[in-house]
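*Asks:* Reading the sequence shown from the start, the letters are residues 223 to 450 in the numbering used here.
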Amino acid sequence: MVGALDGIRVLDLSTLVQGPQAAAMLHDLGADVIKIELPEIGDMGRHVGVIPELGVSSFFTACNRGKRSVALDLRSEGGQEAFLKLVETSDVVLSNFQPGTLDGWGLGYEDLAAVNPRIIWAAGSFLGPDGPDALREGADIAGEAYGGVVAGIGNDGEPVTTVASLLADHCGSQNLQTGILAALFAREKTGRGQRVDVSLLGGQIWMQAPEYTHYFLTGELAGRSNGG
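#1: Are the beta-carbon atoms of Lys-289 and Ala-245 separated by less than 8 Å?
#2: CB Gln-416 to CB Ile-363, shorter than 8 Å?
#3: Quick check on DSSP: helix, strand or coil for Gly-346?
#4: Ignoring anything shorter than 4 residues or poking outside the stretch 226–287, list the alpha helix (DSSP H) runs there in chain order.
#5: Using CA coordinates, which residue listed in Asp-313, Lys-307 and Leu-296 is at the minimum distance from Asp-325?
#6: Is it buried or exposed for Asn-397, if we count other Cβ within 10 angstroms and need 16 for buried?
#7: Which residues in the same chain have their Cβ closer than 8 Å to the Cβ of Ala-226, if we skip the five residues on either side of it in sequence?
#8: Check Ala-293 in the structure and name its three-state DSSP category.
#9: So, helix, strand or coil for Val-337, using DSSP?
#10: Specify the secondary structure class of Leu-316 as computed by DSSP and reduced to three states.
#11: Quick one: what's got a C-beta closer than 8 Å to Leu-423's C-beta in the same chain, skipping five residues either side?
#12: Taking the alpha-carbon positions, what's the Arg-358 to Met-223 distance?
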């Protein structure tokens, strides 16, 4: 069965959930996804949810199903040259390194577009690539807290808590996938790739659009759910 993204190649440089899950969903649609990990470091998700008797991580497996894999040191000249060769025949580069990291290695959007003008350079982050807090690090729980989601969970007078699933990460991965799909569609018209930026914070604000809109219209905070 031919998938909607059959013939599309994705280079997945990401770690943990936001990026890897977005790449996994692209694979589900038929894309050929090559996961690229730094030697001796790898995806931090490999060390989460490890099943001792099996020697594998259910966490890592869930977010990286169906991908091909290679170790490549993007910090070295040889690794960068090898990566750029892959970029020549790829459609999407996806990462969630701290903003500016890939640019510092000579692998930012402009660098890749010079090699392949059709490349789509997609980045997930905590707070986005711009602004005074752009370099702050944070994953799921930080995204939920910064976006205000945790403020509405639970009952008045009880300690602050989070939901059981990785809400901010999964919302961020869905938004990242959507941005990539839109960029692929736009490329069919323009013939050129583009940069796609998605943040955990942006996803949490989008998810609470009614609550934020109510506040902007009335000045009233939604408060905690109290079981409602």
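The beta-carbon is built from N, C-alpha and C at its ideal position, and this holds for glycine as well.
*Replies:* In brief:
#1: The residue labelled residue 289 in the question sits at position 67 within the sequence shown. The residue labelled residue 245 in the question sits at position 23 within the sequence shown. Yes. Within cutoff.
#2: As a working mapping, residue 416 is identified with position 194 in the sequence shown. As a working mapping, residue 363 is identified with position 141 in the sequence shown. Contact flag unset, no.
#3: In the sequence shown, counting from the first residue as 1, residue 346 sits at position 124. Three-state DSSP puts Gly-346 in a strand.
#4: Runs of the alpha helix (DSSP H) spanning 4 or more residues and lying entirely within the stretch 226–287 occur at 240–250 and 280–285, in chain order.
#5: For the purposes of this step, residue 325 is taken as the residue at position 103 of the sequence shown. Nearest C-alpha to Asp-325: Leu-296.
#6: One-based indexing of the sequence shown puts residue 397 at position 175. Looking at its Cβ environment, which holds 16 or more other Cβ atoms inside 10 Å, Asn-397 is buried.
#7: One-based indexing of the sequence shown puts residue 226 at position 4. Contacts found: Leu-251 and Gly-252.
#8: Sequence index remark: in the sequence shown, residue 293 carries index 71 (1-based). If DSSP states are grouped into helix, strand and coil, Ala-293 belongs with the strands.
#9: If you number the sequence shown from 1, residue 337 lands on position 115. Val-337: helix per DSSP, three-state reduction.
#10: As a working note, residue 316 is residue 94 in the sequence shown. Strand, per DSSP.
#11: Mapped onto the sequence shown, residue 423 falls at position 201. Excluding sequence neighbours, Leu-423 sits near Phe-348, Leu-349, Gly-350, Gly-365, Tyr-368 and Gly-369.
#12: On the sequence shown, residue 358 is found 136 positions in, with the first residue counted as 1. On the sequence shown, residue 223 is found 1 positions in, with the first residue counted as 1. Each residue's alpha carbon lies about 43 Å from the other.
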